[in-house]
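One structure is given here, and the rest of the page talks about it.
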Amino acid sequence: MQELCDYLAHNDEIEFTYRGNSYTIEPGGKKADTIFSIWKSASAMDSEAEIICELSGNPNEEVNENLINKFLNIKCFDGLSFLDIEADVIIEAVY
87 MQELCDYLAH NDEIEFTYRG NSYTIEPGGK KADTIFSIWK SASAMDSEAE IICELSGNPN
147 EEVNENLINK FLNIKCFDGL SFLDIEADVI IEAVY
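Per my numbering, residue 87 is the first one in the sequence shown, and the count goes up by one each step.
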């Protein structure tokens, strides 16, 4: 988990799989004030990726452990947060 937080602190993009679905955590998002977002990748049923989670705030705010924990605690996986599902997540790539 500490390694994941380090990646987020350095603005890395992280691809992972959870329950057969592919997701991406990325710095920023569609809005200028988005600090982090999680996207669910498009599937055969969906024509495009969808944002399932965003943390908005001051984009110039220093990314620190408290901010990362706040983001990872947002309940966006059927009432569970990333921290709740961490044991079932498979990290596929870090960019």
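Yeah, the Cβ is synthetic: ideal placement off N, Cα and C, and Gly gets one too. Values in this document were obtained by computation on a predicted structure and should not be read as measured data.
Taken through DSSP and simplified to helix, strand or coil, Ile154 comes out as helix. In this structure, Ser108 and Glu99 do not form a Cβ contact; the two beta carbons are roughly 13 Å apart against a cut-off of 8 Å. If you check the CB distance, Trp125 and Ala135 come in under 7 Å.
Its Cα nearest to that of Phe163, the residue Arg105 stands out among Arg105, Met87, Val180.
Collapsing the DSSP output to three states places Ile171 in a helix.
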